[in-house]
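Participant: Structure incoming, see below.
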Amino acid sequence: MKILLGLLIAIACLTPASAVAQPLHLVLTPSQKPTDLLAAGDEFGQALAKLYGAPVRVTVASDYAAVIEALRNRTADLAFVHPVGYVLASREAKARIVARNLWHGKSTFTSRIYVRKASGIKTLEDLRGKTMAFVDPTSSSGYTYPMVLLIQRGLVRDRDPKTFFREVVFAGAHDAAMRALLNGHVDSIASFDMAREQYLSDPAEREKITFVAETPPIPEAGIAARDGLDPAAFARVRGALLQMRGPAYAALLKRMYDIDGFEPAEDRDYDPVRAAVELLGIRPR
């Protein structure tokens, strides 16, 4: 992996020094509080611009579907995409993966179905007739993978979560879902495996939350490029992203989706996600 990483960075650096890099627009998926994300995004754009060699403007999309639309309409050159978002963007907008996130030293994560410990809910079956907050209909850990799990367990029929849960809502962001559960607004939520630790800073609050199910590993999210992005720009931005790791970038990357850095990625890495998307028949809204 170290040899491959070095080669990719070296290739990116072979771009002629006289070549002028084109300015880029990077759009962020709003999986956490947009105002906090935009503040971190602006700083990330400045850091990326120094390595890339041209300005990088950063905006936060209104919702998950708007990220795909921005890539399809070419109003964005790059996008931070979650796994399902990348699969939809590659299918609907011919987007290409540039690099994959490293998160807590890993390039995969899982989804969990969380409940309050005091609720007495111990198993998935105990959630029959209860309330559930998903994150977004195109969220990987906040909808797609937990829904596949529920279907495979025989609990949800006809791709309709209301065949099992009494009420289903979409929180819009992972932190909002966790707060809704903690405050007793819903009986359960679906989110990623470190959501409790990331969004509940108070140990006493964390202690109130547990989970009753966990999915198989999901390939990490990453940054995708729009169709038609100049190959030299693609190579240059990939090389820049692969350099963004280590102590100099640690604090910034933690604020940007709590990640550690990036690693090379290929489209085929997301084939398992494609299978889950097909099972649920997911389409962009």
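Adding 287 to a residue's 1-based position in the sequence shown gives its number in the working numbering. Beta carbons: idealized from backbone N, C-alpha and C, even for Gly. Model, not experiment: these values are computed from the prediction.
To the nearest angstrom, how far is the alpha carbon of Phe421 from that of Ile476?
Facilitator: For the purposes of this step, residue 421 is identified with residue 134 of the sequence shown, where counting begins at 1. For the purposes of this step, residue 476 is identified with residue 189 of the sequence shown, where counting begins at 1. Near 6 angstroms, if we compare the C-alpha coordinates of Ile476 and Phe421.
Participant: In or out: His369 buried (at least 16 other Cβ within 10 Å) or exposed?
Facilitator: As a working mapping, residue 369 is identified with position 82 in the sequence shown. His369 should be labelled buried.
Participant: To the nearest angstrom, how far is it from the Cα of Ala380 to the Cα of Glu494?
Facilitator: Position 93 of the sequence shown holds residue 380. Position 207 of the sequence shown holds residue 494. Going from the Cα of Ala380 to the Cα of Glu494 covers about 42 angstroms.
Participant: Considering only residues of the same chain and omitting the five flanking positions on each side of Thr512, which have a CB-CB separation below 7 angstroms?
Facilitator: Counting from one through the sequence shown, the residue named residue 512 turns up at place 225. According to the sequence as given, residue 512 is Ala; it is not Thr. Once the five neighbours on either side are set aside, the close Cβ partners of Ala512 are Asp364, Leu365, Ala382, Arg383, Val385, Phe521.
Participant: Residues in its own chain within less than 8 angstroms of Phe396 by CB, not counting five upstream and five downstream?
Facilitator: Taking the first residue of the sequence shown as position 1, residue 396 is located at position 109. Within the same chain, Phe396 has close Cβ partners Trp390, Ser428, Phe479, Asp480, Met481, Pro504, Ile505, Glu507.
Participant: Decide if the stretch 331-346 is in contact with the stretch 526-540; the criterion is three or more beta carbon pairs, one per stretch, under 8 angstroms apart.
Facilitator: A contact exists between the stretch 331-346 and the stretch 526-540.
Participant: So, with DSSP's three-state summary, where would you put Ile384?
Facilitator: Taking the sequence shown and counting its residues from 1, one reaches residue 384 at position 97. Strand, per DSSP.
Participant: Asp556 to Tyr351, Cα distance in whole Å?
Facilitator: Position 269 of the sequence shown holds residue 556. Position 64 of the sequence shown holds residue 351. Answer to the nearest angstrom: the Cα atoms are 21 angstroms apart.
Participant: Buried or exposed: which applies to Gly568, given that a residue is buried once 16 or more other Cβ atoms fall within 10 Å of its Cβ?
Facilitator: Indexing the sequence shown from 1 puts residue 568 at position 281. Gly568 is classed as exposed because its beta carbon has fewer than 16 other beta carbons within 10 Å across all chains shown.
Participant: Using only the alpha-carbon positions, how far apart do Thr425 and Ala348 sit?
Facilitator: Numbered from 1 along the sequence shown, position 138 holds the residue referred to as residue 425. Numbered from 1 along the sequence shown, position 61 holds the residue referred to as residue 348. Their backbone Cα atoms lie some 14 angstroms apart in a straight line.
Participant: Count the other CB atoms, across all protein chains shown, that sit within 10 Å of the CB of Asn388; report buried if there are 16 or more and exposed otherwise.
Facilitator: Taking the sequence shown and counting its residues from 1, one reaches residue 388 at position 101. Looking at its Cβ environment, which holds 16 or more other Cβ atoms inside 10 Å, Asn388 is buried.
Participant: How about Ala460 and Gln333: are their beta carbons less than 8 angstroms apart?
Facilitator: Counting from 1 along the sequence shown, the entry for residue 460 is found at position 173. Counting from 1 along the sequence shown, the entry for residue 333 is found at position 46. Annotated as distal: Ala460 and Gln333, with beta-carbon spacing of 8 angstroms or more.
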